[in-house]
Structure formats: structure tokens, C-alpha cells
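As C-alpha cells, the structure follows; a few thoughts come after it.
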Amino acid sequence: MAKRKGPAGSEYSNPNLIPMIDIMFLLLLFFMLGADMGQRELEEVVLPKASSMKEDKENKEKDKNRLTINVYHRYEVKCQAYAKNQVCRDDAHWRTGIKGKDYSEPEKLGGYLKKEADATRGLDPKNPQVSELKVMIRADQSAPYGLAQRAMNTCAKAGIYKVEVGAARPADDKKKHG
Amino acid sequence: MGAGGNIGEASENPVEINVTAMVDVIFCLCIFFMCSFHFKQLEGKIDTWLPKDRGVFQGQPEKVILEEIRVFMKWDAAGNRTIRKVGNRGEVDTDEALMNIIIQMTNDYKKAGKSEFPVLIDATPDVPWQEVIHVMDMCKKEKLERIEFAAPFEMMNKGASKN
Numbered sequence: 057m058a059k060r061k062g063p064a065g066s067e068y069s070n071p072n073l074i075p076m077i078d079i080m081f082l083l084l085l086f087f088m089l090g091a092d093m094g095q096r097e098l099e100e101v102v103l104p105k106a107s108s109m110k111e112d113k114e115n116k117e118k119d120k121n122r123l124t125i126n127v128y129h130r131y132e133v134k135c136q137a138y139a140k141n142q143v144c145r146d147d148a149h150w151r152t153g154i155k156g157k158d159y160s161e162p163e164k165l166g167g168y169l170k171k172e173a174d175a176t177r178g179l180d181p182k183n184p185q186v187s188e189l190k191v192m193i194r195a196d197q198s199a200p201y202g203l204a205q206r207a208m209n210t211c212a213k214a215g216i217y218k219v220e221v222g223a224a225r226p227a228d229d230k231k232k233h234g
Numbered sequence: 363m364g365a366g367g368n369i370g371e372a373s374e375n376p377v378e379i380n381v382t383a384m385v386d387v388i389f390c391l392c393i394f395f396m397c398s399f400h401f402k403q404l405e406g407k408i409d410t411w412l413p414k415d416r417g418v419f420q421g422q423p424e425k426v427i428l429e430e431i432r433v434f435m436k437w438d439a440a441g442n443r444t445i446r447k448v449g450n451r452g453e454v455d456t457d458e459a460l461m462n463i464i465i466q467m468t469n470d471y472k473k474a475g476k477s478e479f480p481v482l483i484d485a486t487p488d489v490p491w492q493e494v495i496h497v498m499d500m501c502k503k504e505k506l507e508r509i510e511f512a513a514p515f516e517m518m519n520k521g522a523s524k525n
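Protein sequences appear in the order of chains A and B. Read left to right, the first sequence gives residues 57 to 234 (the numbering used here). Read left to right, the second sequence gives residues 363 to 525 (the numbering used here).
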């Protein structure tokens, strides 16, 4: 700490800011690298808990042959039921989205899925109408089943049979698995 | 900013940079990224392959000798709970009772020499998704890998009218 005499004889202290700036730069770098600024594949969803779920390794590898359908509560809507972790049955409060775009209308979702599925259709000669595209349905635990059912039916209509549903490991299981 | 007034200080520190503005900016950036940061939840998946060869209500169903394992789920708004039934049996209150019935039915399939016996979940659209996943989870724990979902009534009618 450098000390300097002031005009009236009092002492000023100049704090050394360099270590603080260093630390703050490191913090800044950490948060900048950790922040997800890209196109959001995964929306903020409170997934239902299931201890039998398998760890999703494909997600880390960013498999191109896979789509994620998010069924999530609209962020801008303030809903008392949802805030209390209860089931929100108001269809207008929910959004079905893929890569940040809204596909709440079944026709729109169906059209998009069909287009995506066409690229991997016909690989199985016995079932040329089916697609090898994988679809992950990430529905919020407070969502009514009807929304996930709608997504599944749209997949079936588009010839997609590889459907997975997103689930989170319960808290007590996390301790067991480490 | 300014040169030091004391003798010898200028040579020790010839240029003083006012870092206050920079610190302010970094602070703001830090706060922004800290607020927007969220830790990823450990996520997983449950495979639920849809029927490959049938699509939605297409083709002829197989001759059913044994009773199909169909779990009915219905939301009871008055009681604020989900009513669960297996086949034409009565309401099941506990998870254990539900799984006991399902396991008993799977044993019947195994005795009949059948290796594939899907568990069909037939839930009304207002049932909480968490409840459906819970039933799936219990089935998966019992090594029942084939879980199917019943198509909604209006879809089945469309399929039937085409056939």
C-alpha cells in the first residue's frame, strides 16, 4: 500500500487495484465462457424426476440426427399455479418450441418435423416411410400430458418413431451416483 | 490522472492510468454474466420408441389372447389427484399395488411364452406429465422396456375413417 503525504500533512492511501482487476478479469472470462449465447436448443424446463433415466451422452456430442422439442411455460406469463409448482392447465400459457422458435400450432410443428424427417427417411427398406430421426421431448413437469401427447402424435404422423422423453435425476439419487 | 508532486515519484510511476472507469465497466459486466449464468441440471432421457410399422392406428391389431397391460390415468379435478386403473380392474391407490398388478400380468405373458408385452399408457390430456413419467419410471425399474402411449380419441377416429 503506497502512502503519500497530502497538502495538509494528512496521509492518502492508494489501494493497489491490480490484483482485484486480475481476479475480476478471471471472473468475467469464466462467466462469459459459461454463458450460453448461441441458439438455445434447450429451454428452461423443470423436468419430471425419474430415477430410471439414462444419462444423455448424445446431447453432449450434439448429434445432428436429433431434434429437441421443448414444452415450456411461457416466461412472460405470470401464473400462480405454475409458480406454486402445480399443474398449469391453461393451454395459452404453454409453448412448444424447437431451437427457440414457436411451434405451438400442431400443423406448423407437423410441417417442420416432416421436413426434418424426410432427410433420414427410407433407410430401412422394410419400412421406407419411417425416419431414423430421433426426437427428444422435454416437457415441464407441470405441463399437462396433452401437450406431450400432441408432440408424440405429430412425430408418429411424420414417421418418426425414435422418441425420447427428458427426465431429471431425483436429488436423493444424485448423492448415490455422486 | 496526474503526475506525482513529490520528487522521485515521477520516475517511479511516470504514467498513472485511471482504472476506476474500467473497474466500473468490469463490475457491470461481471454482474450481468453472473445474473444470466445458470448451472446445468443433470438431464437424462427415457426411450419411448413409437410403433415402427403401424404408425397411428394403421393395420390390423394382433389377436389378443391375454389381457393387454393398459394403464388408464384420469385426472380427478375435485380430488386434485390422478386416478389410475389397470385394465378393467378397480382404482389403484398406491404405486406398489399398481406395479403388483402389472408384474402379475407380465408373468402371465411370460408363462404363455410371449417375450414382448408392451405396457400401454392411456392417459387423459389433463393428467400431469410428472404422473405419466412416474408410471414410466416404475415400469423401467421393473425392466419393462416397451412402453407405449395410446393415441388420443380424435386421432383414432381419423385413422379408423381412413381404414
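Where a beta carbon is used, it is the ideal one built from N, C-alpha and C, also for glycine.
The DSSP assignment places complete beta strand (DSSP E) segments of no fewer than 3 residues inside the stretch 464–508 of chain B at 481–485, in order along the chain. Looking from the CA of N121 (chain A), the closest CA among A:L82, A:K182, A:V219 and A:D78 belongs to A:V219. Boundaries of the beta strand (DSSP E) harbouring S187 (chain A): S187 to A195, taken from the DSSP string. Interface flag for C390 (chain B) against chain A is unset, since no Cβ pair is found closer than 8 Å. Here A224 (chain A) is near L103 (chain A), since their CB atoms are less than 8 Å apart. When DSSP states are grouped into helix, strand and coil, Y159 (chain A) belongs to the coil group.
Secondary-structure assignment with DSSP links M435 (chain B) through a beta bridge to B:R446 and B:A485.
DSSP, read as helix, strand or coil, puts H129 (chain A) in strand.
Close to chain B, meaning a Cβ-Cβ distance shorter than 7 Å, is no residue of the stretch 119–131 of chain A at all.
In the three-state DSSP reduction, A383 (chain B) falls in the helix class (H, G or I). R130 (chain A) and R151 (chain A) do touch by the CB rule: their CB atoms are close to 5 Å apart, below 8 Å.
Put simply, the CB of N72 (chain A) is far from chain B, with every gap to its CB atoms at 8 Å or more. The beta carbon of Q185 (chain A) is closer than 6 Å to those of G215 in its chain, skipping five residues each way along the sequence. In terms of beta-carbon proximity, K110 (chain A) lines the interface with chain B, with at least one pair separated by less than 8 Å. One alpha carbon belongs to Q205 (chain A), the other to A173 (chain A), and they sit about 19 Å apart. In chain A, no part has a C-beta under 7 Å from the C-beta of A440 (chain B); the shortest such distance is about 14 Å. DSSP links E453 (chain B) through a beta bridge to B:K447. Interface with chain A (8 Å Cβ-Cβ cutoff): P514 (chain B) is included. Collapsing the DSSP output to three states places P75 (chain A) in a helix. Taking every protein chain shown into account, the CB of H496 (chain B) has 16 or more other CB atoms within 10 angstroms, so this residue is buried.
In this structure, DSSP gives T176 (chain A) a state outside helix and strand, which the three-state scheme calls coil. Residue contact check for K134 (chain A) against chain B: no CB pair falls below 8 Å.
Around M467 (chain B), the same chain offers I431 as residues with beta carbons nearer than 6 Å, after the five sequence neighbours per side are excluded. For G406 (chain B), the uninterrupted beta strand (DSSP E) segment begins and ends at E405 to D409. Contacts between E220 (chain A) and chain B, judged by CB atoms closer than 7 Å, involve K407, I408, D409 and T410 in chain order.
Bounds of any beta strand (DSSP E) do not take in R225 (chain A), whose DSSP letter is neither H nor E. Here the alpha carbon of I74 (chain A) sits roughly 13 Å from the alpha carbon of I388 (chain B).
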